[in-house]
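In this note's numbering, the protein residues as written are 284 to 802.
Right, here's the structure in full:
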C-alpha cells in the first residue's frame, strides 16, 4: 500500500519550530492541523467516541473531568452529552460510571486499612505532585481516607519550571510532617517528591541541589521525630535522580532499575539486623513496628531479621526517585553534598530493596515508577500493574476482544460518527505507550480515526518527538487508517496540580482546534 500523508510529518515540523522557540517536549503548547482553508481537522464532536489511551490515574483526572462532568466549572466549555468517553483504567472513583476498559482491581487489606481497623490515627502528607501516591496508590486504589486518617496536600510550585526551584515545596511538607509528630499520630506517612520530579529534568545543577536539600531535610525530620518518640523508616519507591547521564552521555531523565534504601531509626537504639528485600516487604515491617499482625493478604515479610523493635508511633518517609547509584561521577547523590544522608546510612541499620520489574508487578527488567512503588509499599505484596495486565491482554489477543473498546468502535461505526484516540507518544511509560492507540486503530475498520498526541518528555529522550512521530506515521500507513490531527505536551494536558488553565489549552486544541496551526 502506498504511503499517504497522515499528519505525522507535518506535526514533526511544527514541533521542530516549537523547539526553535525554546519549548521542550514536556511543555509543548498545543499545535493543531488545518486544511487548505485553514479549518481544523478531526476535532472531537458530540456523538463521537473517544478513548483516552493513558492508563494511570492522577494526571488523567482533570482532562477527563473536562470531557465528562456535566457540572464542570473550571473553565468554559460546551458539555457534549452524547460523547462516549472511554478511560483505560479507573483514574478516580468519580469516574466509575464511565466505560472503563481495564477496571481497577483494588488491593485488599492495605497497610492504611489495617492501621485504621486497629483504631489508630494516621497522617498522610505530600506535595501535590505526589499527593495521589500517599493516598490513592498507597491505600490500594481507595480514594477516600480510612477512618482515623488525615490527608494533607501541600501545593507544588506553580508558574515556573521545576528545575528553577529544586527544593520544590519540601520545606512546607517537612513542617507539616513535624507538626503531625507534635499531634501524636500513631502512623505518619510522607513523600519527598524532589528526587523524581527534578530527576526527570536535564538540569545537573538542579539535581545536585535537590539531593542536598533532600539529605538535609530527611535528617532534620528524622531528628525531630526521634525526639517525639517515633521509630522512623526511610525508603524510596524507585530510582531516578541518582543517574545523571545515559551511556551515550546525554542527560538521564528517566526512572532506573537500581535498588533503593531502607533505613530503620530507633530512638532506643535497640540492636537489629535487616535483610534485603523488596518494596512489598515494607508494610509488614511497619505493622511489626506498630505491634500489629499482618493480614493473610500480605505476602511480603518483615525486613527485620534479628532483634525486636516496636513502639507506639512510627513514621515512614518515602524518598521519591532515590536509588543506589554508581557511586562515581555519574551519581548525583554521590556528587552532591549529602553528608547528612551519608551519616544516616553509617549510623543506622539499613538494607537494599528491589523496586523494579517483576518485584513490583511490572514487566521483567522494567524500571520502577511511583504508582507501582507506592502501591506495593502500601499493599505489602507484589501488585500486578496496569501495564502488565494490558501487555498480557495484547499478547493473549484479548485486548482486541475487550468489550469496552469494541462497543466504542461499533457505536461510532453504527452512528456514522468518528473515533478519537488521545494517544501518548512513547514506547514505554507508566502512563502508557503508543502500542495501545495503534492496536485500537487496527481494530477500527470502517471508522474515521483521529489521533490527538500527548508528548511525553519524561520517559523519552529530549528532542525525540519528531522521530517518534515519523515512526507513528509509518505505522499508521502500515495499518492503512488513522490521521494525526494535533499535539500537546504532557505538562499541559496531564496536569495534576489544579492548573485548569493548562488543561483548557489542551481541551480547546482537541475540541475547538485552537493552537498553533500547521498543515
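Idealized CB from N, CA, C, for every residue including glycine.
Predicted model, so just to flag it, every value in this text is computed and none were measured.
When the Cα atoms are used, residue 536 and residue 475 turn out to be separated by approximately 18 Å. Counting only runs of 4 or more residues that sit fully inside the region 447-487, the alpha helix (DSSP H) segments are 453-466, 477-480, in chain order. With a cutoff of 8 Å on beta-carbon distance, residue 782 and residue 441 are scored as near each other.
As computed with DSSP, residue 772 is found in a beta bridge with 738. Counting along the chain, residue 443 sits inside no beta strand (DSSP E), nor does DSSP assign it H or E at all.
Going by C-alpha positions, residue 346 is about 10 Å away from residue 775. Under the 10 Å beta carbon count, residue 557 is surrounded by 16 or more other beta carbons and is classified as buried. Distance from the CA of residue 372 to the CA of residue 359, rounded to the nearest whole angstrom, comes to 27 Å. Taking C-beta atoms under 8 Å as the contact rule, residue 449 and residue 493 qualify, at a distance of about 4 Å. Under DSSP, residue 589 forms a beta bridge with 556. Assignment of beta-bridge partners to residue 551 by DSSP yields no partner. Rounded to the nearest whole angstrom, the C-alpha separation of residue 692 and residue 322 is 26 Å. DSSP places residue 611 outside both helix and strand once states are collapsed to three, so it counts as coil. Spatial neighbours of residue 791 in its own chain (CB-CB distance under 6 Å, excluding positions within 5 residues in sequence) are listed in chain order as 797. In this structure, residue 355 keeps its C-beta atom at 8 Å or more from the C-beta atom of residue 366.
For the pair residue 673 and residue 342, the CB atoms are not nearer than the 8 Å cut-off. Leaving aside the five residues that flank residue 578 on each side, the residues in its chain whose CB is nearer than 7 Å to its CB run, in chain order, 392, 397.
In this structure, DSSP gives residue 686 a helical state, which the three-state scheme calls helix.
Under the 10 Å beta carbon count, residue 763 is surrounded by fewer than 16 other beta carbons and is classified as exposed. For residue 709, the closest alpha carbon among the candidates 567, 555, 308, 286 is that of 308. Taking residue 466 as reference, the option from 508, 626, 439 with the minimal CA-CA separation is 508. Counting C-beta pairs closer than 8 Å gives three or more between the region 518-537 and the region 638-655, which meets the contact rule. In terms of Cβ geometry, residue 383 and residue 703 do not form a close pair [threshold 8 Å]. By the C-beta criterion, the region 545-559 is judged not to be in contact with the region 606-613, since fewer than 3 inter-stretch pairs fall below 8 Å. Here the C-alpha atom of residue 481 lies approximately 7 Å from the C-alpha atom of residue 445. Here the alpha carbon of residue 415 sits roughly 10 Å from the alpha carbon of residue 422.
Residue environment: residue 675 is assigned as exposed (fewer than 16 neighbouring CB atoms within 10 Å of its CB, all protein chains considered). Assignment of residue 721 by DSSP, reduced to helix, strand and coil, places it in the helix class. Contact between residue 627 and residue 517 holds: their C-beta atoms lie close to 7 Å from each other, under 8 Å. The distance from the Cβ of residue 514 to that of residue 594 is about 5 Å, consistent with a contact at the 8 Å cut-off. By alpha-carbon distance to residue 552, the top candidate from 592, 431, 330 is 592. The region 582-592 makes contact with the region 560-572; the number of CB pairs closer than 8 Å reaches 3 or more.
In the structure shown, residue 783 falls within a helical segment according to DSSP collapsed to helix, strand and coil.
Residue 711 and residue 590 have their alpha carbons spaced roughly 42 Å apart.
Annotated three-state conformation of residue 605 is coil, per DSSP.
Listed in chain order, the alpha helix (DSSP H) elements of length 4 or more contained wholly in the region 314-383 are 344-351.
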